[in-house]
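Asks: This is the structure I want to talk about, given as structure tokens.
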Amino acid sequence: MPIRAFLGALAALFLLSFAGTLTAQTTEGASPPDGRVQEQIEQIVTILEDDAVRAALLDRLRETGAPAEPEEPQPEPNVAQQLAAAMATFFRDAASEVGSIQREMTRILSLGTQLQPNGRDLGPQVLTVALTIATTIAAALAFGSVAAGIARRLAPAPDAGLVKRVQLTALAIGARLIAVALAWALGYGLAVFVFSQDNAPSQAQILYLNAFLVFGVLRVALRALANPDADREPVLSQLPATAQAVIFRNVRLVMGIVVQGFLFLIPLTQLWIGFAAVRPVRTLIATVAAIAALVAIRKIARAVDAAWNAEAARDRATGTAEDEDDTAAAMASGAQSAWRRVWPPLAIGYVLYAWFLAVTRPNIVADVVLTGTGYTVIAVLLFLAALRLMKRAPDVRAPMPKAVRTGLPKLPPRANQIATVVAYVVVLALVLTAVGLILTGWDWVDVAGWMASDAAQTVFWRIASAALVTLFAALLWAVTASWIDERLMDELTGRNVSARSRTLLALFRNAFTIVLVVLATMIALSQLGINIAPLLAGAGVIGLAVGFGAQKLVQDIITGTFIQLENAINEGDVVGVAGTTGGVEKVTIRSVRIRTLDGAVHIIPFSSVDTVTNLSRDFSFHVAEVGAAYKEKVSDVKEAMQEAFDRLKAEGEFTRDIIAPLEMHGVTALGDSAVVVRARIKTLPGKQWGLGRRYTELVKEVFDERGIEIPFPHRQLMLPEGFVEMMQDRLQGDPRDVTPQVEHKD
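This note's numbering numbers the first residue of the sequence shown as 369 and each following residue consecutively.
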């Protein structure tokens, strides 16, 4: 019986393992069972035919599938307990970190006892390394002086642009990099052929040469950003030379300690002394570098603040300070002030964090600190570029051929405005990129992984496509509006823009702007992934509601459309509409703007227009109605009016405005005191008023010369007979008694 039970257990285990294998093959999509699998199935069938084995298998399956005893649920900790646990964990970790730092700092005190050679004579190696160091430094100084002379020859003019400055700086950097490479090559050659016995440099020499090359390249890159000889060599920064010298010296010192320490001294200690001395040496170098960095931050902050304050004082003295009302200048100034206050604390935090990792977690220094530093340097450069671009954004000019500037004179200002907006967008992109680089470099947020995801790329390309659509629409509007403005310029030689063309072009510009804005908005929203079908449907419903609720507006538009089709009103015409007469300044699809003689502007909707009286269409008439005394001959009056017309034509000022001879209509009325004679002068449209005023002056002059009386209303007083003598007698008597005694008679 035990043997049969044992065989049954084996069969059960075999069956379970085979079932798992078969399930895995089915899940992974394996090929159909072959001959071996078929054989195994037949063995299982044979085993199951035995009653004892089958019973043992069933017992084993029941034991395996039996439910476990339910555990008693533990109550969840409340907020206070969670906070207490978190605080306890924090203080425990903090105490552990403090203890680790204390242990590492204590090892520095015992460094003197550990710096002992590993039983080897290091004299020859020290000598070869010292000779390599001396020769490379001497070569670097010699080649560097030559490169400095070349860089001074490339010094740009004070008014050189950014592109020219970048080009000259790149050439100077290239010359200095060549000098570093030549010094490194000379040191490597001497280490191979002179300072070695087997024509191969030692490991210590290779360590130094690698550190020398890295430090030289970093030093050249630093000189491109902060050159102590900025007044004599090309440089990208516009800080004063004194401030750049402070930055260069302090940053170079910190870089030298870090590069030479971590790339040369620490590996050399492990090579010559042993692994036990590496940690205290690393802690010492990291501490010295941190102290030097903190001192450098303080000096650089003072130098930069002094440079900015001096520049602000100089701008105020020369009157070139930024206008406080300029929003762009205020934003740039505020960003610069905020950066001046923020960067020192951030730099101090960076130094302390890097020192903490170098002391407590040296294994991740290369992966975190060096990577984070590289990303941080690039991010700071991008942020400084963003600040500079923000300050210069209002002065950005769009490149444009001379032919385009001449043909479309209104296009450059509009293109410059678009370029300014694009510059601000680029500033925002630079700032976001800088923040992403910092988060990625210090491994705080996996920005690169998120950007590589499908969702992030979808969002990025949607925003980019929407921005491109907006930019294309803006450029199209700028070109079209500039072309319309160019067509409306009638001061050009040989250009005479009609009022009809002026009105239709202005209406087309307004309509094109509205249509373009609507289409660009819809396309941009669709590119952002927003379904615009509900928006279109909602706009249709809203339009229908507005149509029912704003019948007056609809009437304005319909009436205005027919007025434009009938060419009843154009800009520059003098019209009378809705009881108002004046010059037309602007015509829209809904209203007309009229300026009357007293300078008042009237906006009249077309729904209020029943009749349009156009006083300057095709031609005009000046109607002259002149009154003469009854004693004058009508023929003399007509001759005088004709002579005044001849003088008007002879003066030349209004000769082109008169398009027909004087039309003499003759006597039109016999007034109370005058005979009215009317004549009419046909003129060009809108010229009748100035011409009429001059003609009236000439008529007065001719009438005076010929003695023709122009009557005017007067009143005749009839005094009784002897009234004058009576007044004289009374005046000779008592002068105060001057009241006349008039006898009233019916």
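By construction, the Cβ of each residue, glycine as well, lies at the ideal position given by its N, Cα and C atoms.
Alpha carbon to alpha carbon, how far is T744 from A448? Give it in angstroms, no decimals.
Replies: Going by the C-alpha atoms only, they are around 39 Å apart.
Asks: Give me the Cα-Cα distance between V548 and A516, rounded to the nearest whole angstrom.
Replies: 12 Å
Asks: Excluding the 5 residues flanking A842 on each side, which residues of the same chain have their C-beta closer than 6 Å to its C-beta?
Replies: I786
Asks: Near L720, what residues of its chain come up, given a Cβ to Cβ distance below 8 Å and the 5 sequence neighbours on each side ignored?
Replies: A658
Asks: Rounded to whole angstroms, what's the CA-CA distance from W1057 to K954? Just pull it up for me.
Replies: 22 Å
Asks: In angstroms with no decimal places, state the Cα-to-Cα distance between A506 and N567.
Replies: The alpha-carbon of A506 is positioned some 22 Å away from that of N567.
Asks: Considering just the uninterrupted stretch of the beta strand (DSSP E) at I1049, what are its terminal residues?
Replies: V1043 to T1051
Asks: Taking the DSSP output, what are the residues bridged to M1009?
Replies: Answer is none; M1009 lacks a bridge partner.
Asks: For chain B, is any of its Cβ atoms less than 7 Å away from the one on A644?
Replies: No chain B appears in the structure shown, which is made up of a single protein chain.
Asks: Counting pairs of Cβ atoms below 8 Å between the stretch 962-975 and the stretch 1037-1052, do you hit three or more?
Replies: no
Asks: To the nearest angstrom, how far is the alpha carbon of Q1100 from that of E1093?
Replies: Rounded to whole angstroms, Q1100 to E1093 spans 11 Å at the Cα level.
Asks: If I follow the unbroken alpha helix (DSSP H) through M623, where does it start and stop?
Replies: A609 to Q628
Asks: What residue from R958, D924 and V603 has the CA that sits closest to R521's CA?
Replies: Checking every option, the nearest Cα to that of R521 belongs to V603.
Asks: Using a Cβ-Cβ cut-off of 6 Å (strictly less than) and excluding sequence neighbours within five positions of F751, which residues of its own chain qualify?
Replies: A802
Asks: Give the straight-line distance between the Cα atoms of Q493 and V627, rounded to the nearest whole angstrom.
Replies: 21 Å
Asks: Is A874 helix, strand or coil when you go by DSSP?
Replies: helix
Asks: What ranges does the alpha helix (DSSP H) occupy inside the stretch 916-977, keeping only unbroken runs of at least 4 residues that lie completely in it?
Replies: 919-933
Asks: At a threshold of 6 Å, does L604 count as lining the ligand NAP (C-beta to nearest heavy atom)?
Replies: In the structure shown, the ligand NAP is absent, as is every other ligand, since no ligand is present at all.
Asks: What does the Cβ neighbour count give for Q470, buried or exposed, with the cut at 16 atoms within 10 Å?
Replies: exposed
Asks: Does the beta-carbon distance from L1066 to L1030 come in below 7 Å?
Replies: no
Asks: Alpha carbon to alpha carbon, what distance is there between A703 and K759?
Replies: 9 Å
Asks: Can you say whether I1027 is buried or exposed, counting buried as having 16 or more other CB atoms within 10 angstroms of its CB?
Replies: Exposed is the call here.
Asks: My understanding is that I541 touches V588, with C-beta atoms under 8 Å, so please give their C-beta distance in whole angstroms.
Replies: 6 Å
Asks: On a Cα-Cα basis, can you pick out the residue from M890, Q895 and L896 that is closest to P904?
Replies: Note on residue identity: the sequence assigns Leu, not Pro, to residue 904. Of the candidates M890, Q895 and L896, the one whose C-alpha sits nearest the C-alpha of L904 is M890.
Asks: Between the Cα of L893 and the Cα atoms of L836, Q825 and G624, which residue gives the shortest distance?
Replies: L836
Asks: With DSSP as the reference, label G1117 as helix, strand or coil.
Replies: Here the chain covers residues 369 to 1114 and nothing more, so residue 1117 does not appear.
Asks: Any idea what DSSP makes of V494, helix, strand or coil?
Replies: helix
Asks: Can you have a look at W829 and say buried or exposed, based on whether 16 or more other CB atoms are within 10 angstroms of its CB?
Replies: exposed
Asks: Rounded to whole angstroms, what's the CA-CA distance from L805 to W707? Just pull it up for me.
Replies: 18 Å
Asks: Out of curiosity, what's the CA-to-CA distance linking H1112 and E1089?
Replies: Unreliable placement is indicated for H1112, whose pLDDT of 45 sits below 50; the coordinate value is still reported in the next sentence. Taking the straight line joining both Cα atoms gives about 12 Å.
Asks: From L844 to R958, what distance separates their C-alpha atoms?
Replies: 26 Å
Asks: Out of L856, Y1063, V672 and V466, point me to the one whose CA is closest to A1018's CA.
Replies: Y1063
Asks: Grouping DSSP H, G and I as helix and E and B as strand, with all else coil, what is S464?
Replies: helix
Asks: Among the residues of its own chain, which have a CB less than 8 Å from the CB of K1055, if the five just before and after it don't count?
Replies: S988, F1022 and D1025
Asks: Assuming the contact rule is C-beta atoms closer than 8 Å, V622 and A660 should be a hit. Round their C-beta distance to whole Å, please.
Replies: 5 Å
Asks: Short check: CB of R756 to CB of N784, under 7 Å?
Replies: Cβ atoms of R756 and N784: not closer than 7 Å.
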